[in-house]
Amino acid sequence: MGKGRVAVLSGNDAIAEGALAAGMRFFAGYPITPASEISHFCADELPKYGGKFIQMEDEIASMAAIIGASMAGGKSMTSTSGPGFSLMQENLGFAIMAEVPCVVVDVMRFGPSQGVATVPAQADVMQARWGTHGDHPSITLAPSTVEEAYHVTVRAFNLAEKYRTPVIILSDATLSQMSEKIKIPDPDSLEILNRKKATVDPQQFKPYQDDGTGVCPFASYGDGYIWYTTGIVHDETGFPATGDPDKLTIQINRLHDKINKNLDDIIQVDEYMTEDAEIIILAYGSVARSAFAAADKARNEGIKVGVVKPITIWPFPEEVIKKVSEKVESILVCEMNHGQLFEKVKETVEGKAKMAFLGQYNGKSIKPDKILAAVKEVSSGVFQ
Amino acid sequence: MVSSNSIVEKYLRTDKLPHIWCPGCGNGIVINSLIRAIDNAGLEQEKTVIISGIGCSGRASGYLKFCAFQPVHGRVLAYATGIKLFKPELHVICIMGDGDCASIGGNHLIHAARRNIGVTAAVLNNSNYGMTGGQYSPTTPEGAKTRTSPYGNIEPPFDICDLAKASGATYVARSHTYKPRILTKYFQKALTHDGFALVEAMCDCPTLYGRLNKKGAGKEMLMNQKDRAVPLEKAKNKSSEELEDKFVVGEFVNKTRPEYTKQYTKMIEKVKLEAD
Chain Z
844 MGKGRVAVLS GNDAIAEGAL AAGMRFFAGY PITPASEISH FCADELPKYG
894 GKFIQMEDEI ASMAAIIGAS MAGGKSMTST SGPGFSLMQE NLGFAIMAEV
944 PCVVVDVMRF GPSQGVATVP AQADVMQARW GTHGDHPSIT LAPSTVEEAY
994 HVTVRAFNLA EKYRTPVIIL SDATLSQMSE KIKIPDPDSL EILNRKKATV
1044 DPQQFKPYQD DGTGVCPFAS YGDGYIWYTT GIVHDETGFP ATGDPDKLTI
1094 QINRLHDKIN KNLDDIIQVD EYMTEDAEII ILAYGSVARS AFAAADKARN
1144 EGIKVGVVKP ITIWPFPEEV IKKVSEKVES ILVCEMNHGQ LFEKVKETVE
1194 GKAKMAFLGQ YNGKSIKPDK ILAAVKEVSS GVFQ
Chain A
7 MVSSNSIVEK YLRTDKLPHI WCPGCGNGIV INSLIRAIDN AGLEQEKTVI
57 ISGIGCSGRA SGYLKFCAFQ PVHGRVLAYA TGIKLFKPEL HVICIMGDGD
107 CASIGGNHLI HAARRNIGVT AAVLNNSNYG MTGGQYSPTT PEGAKTRTSP
157 YGNIEPPFDI CDLAKASGAT YVARSHTYKP RILTKYFQKA LTHDGFALVE
207 AMCDCPTLYG RLNKKGAGKE MLMNQKDRAV PLEKAKNKSS EELEDKFVVG
257 EFVNKTRPEY TKQYTKMIEK VKLEAD
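One line per chain: the protein sequences are Z and A, in this order. The end of the first sequence is residue 1227 by the numbering used here, with every number in the run present. The end of the second sequence is residue 282 by the numbering used here, with every number in the run present.
Following this line, the structure appears as structure tokens:
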């Protein structure tokens, strides 16, 4: 890594570089298009830093291995695409329940099922929110440029460590395979967060005792603490509390509260020319790139267009969207799916602005001109 | 060697007792053998991680005073791989049932064995899924009745030790709950073995498997184990007909092959040397 430098990287490589800078020292994965280059990078680089790379027997095992490594104190990551992300869901739930920090990268490709391996989509948005069963929160981030992929990954590790939870990065086949110039910062200039470690006397340690922040101190295996945990609903001791309705509620609430009470810290949304905008294009991931270009073109033609780009997809930036909806006429949601985040935006807007949806699910990136055409239709009241 | 009482106090979470296992269940005997082996091997509790799967045997980790956890069904060896590879100085013990190990977790078993990663697998084989009500497992004998094979099991069973051996495990042994001291001996050898070690403990489920197959209560089933167990040396001269309804006991594999995390450490050293 060295000091700060300029490089030309793919989205996949930028994620891997970011992870390494954030302190990732364990990677487990299973080959899959279009995510494989992330594992190639980790296989190349991790041993140089004393870190560990392993290609597991499947994605289920990959997810399990990164949780295990994190419980032993390592910052860990896996990367995959839709089919593998489906396989990871049960273990992802364990990481949420046992509160084990880790980062899961889903480079979205066309689906469902095998779909098309080599072309982009954004159809795992709801899976990132609700893929694993039960009531649970989700932190999901979506970068739209190669440089952002680097910084979002650093942030993903920071949020995972800070809130003791898995963080999902939703990239897509377009971003993963494209190359761009990127400024890689001096690693020393980055803010790197590490999980709060247990400091109490081992005899007094309770693994899920809330210290008032909602996030409990962590004792890595080998650090002198003996403790138990389980994916079964547990109390502050880590042992099952299945017979106690109050304790069940306490745990589920705490899992949600540690995220919901820190939305200002977790939510990141970029706004572009929204100040006087009458029409907002809401887009994320690689589609946001076309949205910015379309907004520029529309402005040149005198249409007051702005862009809202959520980088944090989950928790959903409701407050930002609500505020925007109060001052604009229309919101055009563009995404490479049949309408996933659109439904959430519509629900949040509550009729305060007109809603329009441009969904493209043909394996092609949405081009700026297509968005521009949709903007014009919205502007003239044609698009409904 | 410390006395029974101090072993109980030292290694068991006595506040979590009594355990949930049925009268006559073999799990308690196996855990007894395991903690004695841990004690003999001198493993530090703070440096030992015990992971158990789901099912009756899965409850074991909660009774044990170690770094312990119970993740999802069938994946303990994959969790163990992550822990051991990241921190090779930790001892990692996986407690699995027959379903956990050979059915839902079968893929992880063969690959952990192939890699020869230095973790210990303790498999408690009671020939059925007990916790969920007595369904057939991949080790249920042909013809045996379970809640999902009411007319007799038509699937041939896996031999877990053969599977581990064929996959590359470097220590493989089997005993049963009539021979707890032998189990302790095998566990101890497994815990101090440098590579993937698997010990299969044949144990009984009188409540479900025993009742459905009219095998008697706990005591009868335990006596029956003694009759069914055939030592490896004797088994070599017996035909497959003679071995029907028996199981072979002994040490099937005890060999050395480079251990995975040590290989990884060597690779790191080599890569760093080349980089300098």
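For every residue, glycine included, the Cβ atom is placed at its ideal position computed from N, Cα and C.
| Check | Outcome |
| --- | --- |
| Residues that Z/Asp901 contacts on chain A, provided the C-beta gap is smaller than 8 Å | Asn113 |
| Proximal chain Z residues relative to A/Ala74, where beta-carbon distance stays under 7 Å | Tyr1071 |
| Nearest neighbour of Z/Gly1055, chosen from Z/Gly1065, Z/Tyr1068, Z/Asp1044, Z/Lys1039 [CA to CA] | Z/Lys1039 |
| Same chain, Cβ closer than 6 Å to A/Ile37, five either side skipped, listed in chain order | Ala66 |
| Cα-Cα separation between Z/Gln965 and Z/Ser1129, rounded to whole angstroms | 9 Å |
| Proximity test, Cβ basis, 9 Å: Z/Met844 and chain A | Only weak support is given to the placement of Z/Met844: the predicted model assigns it a pLDDT of 48, under 50, and the question is left unresolved by the model. |
| Beta-carbon neighbours of Z/Phe869, restricted to chain A and to distances below 8 Å | Gly88, Leu91, Phe92 |
| Cβ neighbours of Z/His976 in the same chain (closer than 7 Å, five flanking residues each side left out) | Gly936 |
| Among Z/Thr1080, Z/Gly1149, Z/Thr961, the one whose alpha carbon lies nearest that of Z/Asp1113 | Z/Gly1149 |
| First through last residue of the beta strand (DSSP E) which encompasses Z/Val946 | 945-953 |
| CB of Z/Glu1161 within 9 Å of CB of Z/Thr1191, strictly | yes |
| Coarse secondary structure for Z/Val1221, derived from DSSP in three states | helix |
| heavy atom of the ligand NAD below 8 Å from Z/Ala1199 C-beta | The model on display carries no ligand, and the ligand NAD is accordingly not part of it. |
| Contact between the stretch 166-181 of chain A and the stretch 88-96 of chain A (3+ Cβ pairs under 8 Å) | no |
| Under 8 Å from the C-beta of A/His117: neighbouring residues of chain Z | Met899, Glu900, Ala904 |
| Members of the stretch 909-937 of chain Z that neighbour chain A once the beta carbon cut-off is set at 9 Å | Ile909, Ile910, Gly911, Ala912, Ser913, Met914, Ala915, Gly916, Gly917, Ser919, Glu933, Asn934, Gly936, Phe937 |
| For A/Glu148, the nearest candidate out of A/Thr126, A/Val254, A/Ile274, A/Glu250 (CA to CA) | A/Glu250 |
| Rounded distance between the beta-carbons of Z/Ala992 and Z/Val1010, thought under 8 Å | With 8 Å as the limit, Z/Val1010 and Z/Ala992 do not qualify as a contact, their Cβ atoms being about 14 Å apart. |
| Three-state secondary structure (DSSP) of Z/His1099 | helix |
| Cα-Cα separation, A/Asn113 to Z/Glu900 | 7 Å |
| Residue span of the alpha helix (DSSP H) that contains A/Asn260, given as start and end | Run containing A/Asn260: none in the alpha helix (DSSP H); it sits in the beta strand (DSSP E), 253-260. |
| Residue range of the unbroken alpha helix (DSSP H) whose run includes A/Gln76 | Note, A/Gln76: premise wrong, no alpha helix (DSSP H); beta strand (DSSP E) at 73-76. |
| From A/Gly64, A/Arg187, A/Gly139, A/Pro264, residue whose alpha carbon lies closest to that of Z/Tyr1071 | A/Gly64 |
| Cross-strand partners of Z/Met867 (DSSP beta bridge) | Z/Lys918 |
| Cβ of A/Glu95 within 9 Å of any chain Z Cβ | yes |
| Any C-beta of chain Z under 9 Å from that of A/Pro237 | no |
| is_contact[A/Val14, chain Z] using C-beta, thresh 9 Å | no |
| Beta-carbon proximity list for A/Gly30, same chain, < 6 Å, skipping 5 on both sides | Pro212, Ala223, Gly224 |
| Residues near Z/Met844 by beta carbon distance below 8 Å, same chain, minus five either side | Note that Z/Met844 scores 48 on pLDDT, short of 50, meaning its location in the model is unreliable and no value can be drawn from it. |
| Which residues DSSP lists as bridging A/Tyr177, in chain order | A/Ala203, A/Asn260 |
| Interface flag, A/Gly174 vs chain Z, CB-CB below 9 Å | no |
| CB of A/Gly140 within 9 Å of CB of A/Ile101, strictly | no |
| Residue nearest to Z/Ser929 in terms of C-alpha spacing, selected from Z/Gly1224, Z/Ile1075, Z/Arg972 | Z/Arg972 |
| Min CB distance A/Gln51 to chain Z below 9 Å | yes |
| CB contact below 9 Å: A/Tyr135 versus chain Z | no |
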